[in-house]
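Asks:
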Amino acid sequence: MKKKWFGSLLASTALVAALASSQAFAATNDGWVQSGNQWNLYQEGKLVKAGWAKDKGTWYFFDNNGVMQTGWVFTGGAWYSLNGDGAMRTGWYQEGNTWYYLSDQGDMQTGWTKVGDKWSYFESNGSMVADQPVKASDGRSYVIGKDGYMLTDTPYHLVSEIYRMGGDEYLLHKSKDGVYIAQNEWFVESNARLGKAGYDLLDTLVDHQEPGGMIDPNSVVKGLQQFMDRFYFGENGKRVEKLPEMSITSTIVEKNNEFVIDHFNPRLVILDHFTIVNNKLYVLKNPNEGTLRPGYKFLLGQSSENGYNLLVLANEQGEVISMKRLSKDVSDFNKKDMAGLANDRIMIDINQTEDQMVRTYH
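Going by the numbering used here, the first residue of the sequence shown is number 109, and it counts up by one from there.
1) By Cβ distance, which residues of its chain are closer than 7 Å to R401, with the 5 residues on each side in sequence left out?
2) Any beta carbon from chain D within less than 9 Å of D308's own beta carbon?
3) Could you name each continuous alpha helix (DSSP H) segment of 4 residues or more that falls completely within the region 369-416, going from the start of the chain to the end?
4) Measuring only the C-alpha atoms, how far is F406 from L310?
5) In chain order, what residues of the same chain have a beta carbon less than 6 Å from the beta carbon of Y278, not counting five sequence neighbours either side?
6) Since L332 contacts I384 with CB under 8 Å, what's their CB separation in whole angstroms?
7) Here's the rule: buried if 16 or more other CB atoms are within 10 angstroms of the residue's CB, otherwise exposed. What is V466?
8) So, at 6 Å on beta carbons, what are the nonlocal neighbours of D215 in its own chain, with the 5 sequence-adjacent residues on each side left out?
9) Give the range of the beta strand (DSSP E) segment to which P263 is assigned.
10) Taking 8 Å as the limit between beta carbons, can you name the residues of its chain near D171, skipping five residues before and five after?
11) Along the chain, where does the beta strand (DSSP E) containing P352 start, and where does it finish?
12) Cβ atoms of F382 and V428: under 9 Å apart, would you say?
13) Determine the direct distance from the alpha carbon of V287 to that of L280, and round the result to whole angstroms.
14) Determine the contact status of S232 and I252, defining contact as a CB-CB distance below 9 Å.
Here it is in structure tokens:
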């Protein structure tokens with residue numbers, strides 16, 4: 109019993125001595141004091157407690173007992189990261205395989221964040237998003253690259269506008285704000301002009317007719333709906349393997365003296381000129397807005413070899429009512445009076461603007 113009492117007395121004496129030493133230090137000096145594995149900071153003769161303190165240009169955080177903190181701390185509604193020496197971190201910070209971004213004030217960022225002149229996105233736990241699309245306030249889902257920054261241009265290795273991210277395929281579009289994914293949208297391989305898929309598409313569009321043959325628009329629709337090189341991207345933007353029927357279900361409405369596909373989404377554009385609405389073929393005037401083009405339209409083949417010169421007639425709402433494949437030799441019809449597609453006479457001048465290429469005579 110006597111030994112225990114004596115030991116307690118010694119411990120108490122040591123604690124009093126340590127406190128007296130700290131108080132004596134504080135009375136005469138400001139600075140850091142180590143007590144075991146803990147650090148305290150004195151400023152203006154007082155122990156810093158419960159909050160932030162700046163020392164020699166660096167911010168530190170202390171608990172209610174004045175102990176300097178390290179690691180993650182939550183205060184003032186935000187998370188902060190403190191290194192092993194207690195210094196507050198700013199900028200990019202990697203912990204394990206996860207990247208975080210801390211503002212100049214040290215608070216951990218979440219959501220869309222501008223870093224320099226680029227945009228990044230961070231989950232609610234602060235982890236950086238990479239190689240996936242993220243929805244923005246404008247309703248579009250923009251693509252975050254592998255480096256954690258939003259893409260402002262399509263990847264240089266992109267083929268046919270389809271891009272693989274995280275094991276899934278997406279269709280990309282570019283706008284002034286960045287690269288975003290298509291949602292509820294069809295894509296038909298349209299750069300067939302460069303290969304077999306393109307010629308297959310053109311053959312389907314002319315319903316495999318020889319030059320001079322009349323084309324049934326309904327047959328064209330059926331052919332396009334069975335076309336091999338077609339893709340559909342769903343609500344989440346991912347490519348759908350089990351394809352729905354290739355058509356837009358919508359109504360045609362009149363706006364500003366033009367006919368437009370109402371709520372032009374999902375979008376289906378074929379060779380920049382055609383779309384399918386309610387299983388009918390339409391001519392597009394503006395494929396970005398869904399405006400439709402009535403009357404005649406002439407499509408000139410890409411070269412004299414392919415011979416896909418096409419004459420199309422649409423009604424006032426833009427629905428194709430008649431089509432004809434013309435001779436591959438432009439001299440057979442250019443600037444010549446010829447029979448039209450509606451018991452009329454027409455003249456085609458390939459040197460005119462698109463709207464003036466076909467002139468009608470009755």
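For glycine and all other residues, C-beta sits at the position ideal for the given N, C-alpha and C.
Replies: Straight from the coordinates:
1) The answer, listed in chain order, is V391, L392, K393, A422 and G426.
2) No chain D appears in the structure shown, which is made up of a single protein chain.
3) Contiguous alpha helix (DSSP H) elements confined to the region 369-416 do not occur, taking only those with 4 or more residues.
4) If you take the alpha carbons of F406 and L310, they lie about 14 Å apart.
5) These residues qualify, in order along the chain: Y271, I289 and G345.
6) The beta-carbon separation of L332 and I384, rounded to 7 Å, stays under the 8 Å limit for a contact.
7) By the beta-carbon neighbour count (other beta carbons within 10 angstroms, threshold 16), V466 is buried.
8) Correct list, in chain order: A186.
9) Following the DSSP letters along the chain, one finds P263 in no beta strand (DSSP E), marked with neither H nor E.
10) Short of 8 Å from the beta carbon of D171, and not among the five residues preceding or following it, lie these beta carbons of its own chain, in chain order: K157, A158 and Q177.
11) Counting along the chain, P352 falls outside any beta strand (DSSP E), and DSSP gives it neither H nor E.
12) Against a cut-off of 9 Å, the Cβ pair of F382 and V428 comes out as a contact.
13) Their Cα atoms are separated by approximately 7 Å.
14) For S232 and I252, no; Cβs fall outside 9 Å.
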